[in-house]
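And the structure:
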């Protein structure tokens, strides 16, 4: 691929390297990653603008799409089209504590000068969730009468009514939240991650992981992973995270409700359903899905206590909760 990189740098002679499991090429302090083009041109131009914005504002751990010598983001090579990302080796990486780093990332992202159209899910949750539910409803109806079935498909048939019910609850709560009037400037869109897991502190933030959305997306996905664990310090961890986050970026009532709605959506169960249906290795997914289902009762119990344990007085603030009876 040296020939392709020569379309960006004359006489490129970098060596191959691997960062975050992705192969790249390093020349001096510069690292380049060659990415096959899989999306619209417009998305890559938006990603470049977003990454340039963060780099300009001193958040440096991003891989940025760069122009070739012809001033283009997309380069044709060997009959295929590619995008090249650039990052730099940083000898010292002085990260903020996790919650503060995420709040800072969100707060800065909300000042981005325009709303992206290609890399955006802002205000689209309900439609996306309804679409996901409809797709799995169809698969469930198709599989319900199929015989014989694998262990995974049998477990899917047995448990999907529960997953569907949880999803319907999440959609209904989200729909009611849309009429909540107690919002503020902090509820404007910002840059979040497709599925947040400490991404803001990783060595490299990949542009394809960024999505313009409500900050509650990342907060909920972080809390989700904590609430799936069964240990006595679960809520100590959640409280510490929320206190540090809100010290930099306070949350409105609308934000709390958005977070709660997303936590009601069983994304962690859909992950295994999507994997099991799309690949042939049903037995591995069956075991993993069965293990996650055992955690679900812990998760549901923790969600039930979330507001109380984080000091949110739902009665005084008139925040509705799901009736778990």
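In this note's numbering, the protein residues as written are 59 to 383.
By construction, the Cβ of each residue, glycine as well, lies at the ideal position given by its N, Cα and C atoms.
* To do: Compute the Euclidean distance between the alpha carbons of residue 124 and residue 115, then round it to the nearest angstrom.
  => Taking the chain shown and counting its residues from 1, one reaches residue 124 at position 66. Taking the chain shown and counting its residues from 1, one reaches residue 115 at position 57. Cα to Cα, the separation comes out at about 18 Å.
* Asked: For residue 209, which option in 69, 338 and 370 has the closest C-alpha, if you only look at C-alpha atoms?
  -> Position 151 of the chain shown holds residue 209. Checking every option, the nearest Cα to that of residue 209 belongs to 338.
* With DSSP run on the structure shown, which of helix, strand or coil describes residue 75? -> The residue given as residue 75 occupies position 17 in the chain shown. Here residue 75 sits in strand by DSSP.
* Asked: Can you give the Cα-Cα distance for residue 285 and residue 360, rounded to whole angstroms?
  -> The residue given as residue 285 occupies position 227 in the chain shown. The residue given as residue 360 occupies position 302 in the chain shown. If I take the Cα positions, the gap works out to 6 Å.
* To do: Please name the residue in 342, 168, 327 and 79 whose C-alpha comes closest to that of residue 354.
  => The count along the chain shown starts at 1 and reaches residue 354 at position 296. Answer by Cα proximity: 327.
* **Span of the alpha helix (DSSP H), counted from its first residue to its last, around residue 330** => Here residue 330 corresponds to residue number 272 of the chain shown, with the count starting at 1. Counting along the chain, the alpha helix (DSSP H) containing residue 330 begins and ends at 325-336.
* Asked: Which residues mark the beginning and the end of the alpha helix (DSSP H) in which residue 312 is found?
  -> Locating residue 312 in the chain shown gives position 254, where the first residue counts as 1. 311-322 is the span of the alpha helix (DSSP H), which, as asked, contains residue 312.
* Cα-Cα separation between residue 111 and residue 154, rounded to whole angstroms -> On the chain shown, residue 111 is found 53 positions in, with the first residue counted as 1. On the chain shown, residue 154 is found 96 positions in, with the first residue counted as 1. Rounded to the nearest angstrom, the two C-alpha atoms are 19 Å apart.
* Have a look at 65, 165 and 263 and flag the residue whose alpha-carbon is nearest the alpha-carbon of residue 142. => Here the question's residue 142 lines up with position 84 in the chain shown. Residue 142 has its Cα closest to that of 65, out of 65, 165 and 263.
* To do: Report yes or no: do three or more beta-carbon pairs, one from the stretch 230-244 and one from the stretch 305-323, lie closer than 8 Å?
  => yes
* What's the call for residue 218, buried or exposed, on a 16-neighbour Cβ count within 10 Å? -> Taking the first residue of the chain shown as 1, we reach residue 218 at position 160. So residue 218 ends up on the buried side.
* **Cβ neighbour criterion (16 or more within 10 Å) applied to residue 276** => As a working mapping, residue 276 is identified with position 218 in the chain shown. When all chains shown are included, residue 276 counts as buried.
* **Local conformation of residue 222 per DSSP, three classes** => Walking along the chain shown from the start, residue 222 turns up at place 164. Here residue 222 sits in helix by DSSP.
* Asked: Does the stretch 254-268 come within contact of the stretch 157-165, defined as at least 3 CB pairs closer than 8 Å?
  -> yes
* Asked: Taking three-plus beta-carbon pairs below 8 Å as touching, is the stretch 212-226 in contact with the stretch 185-204?
  -> yes
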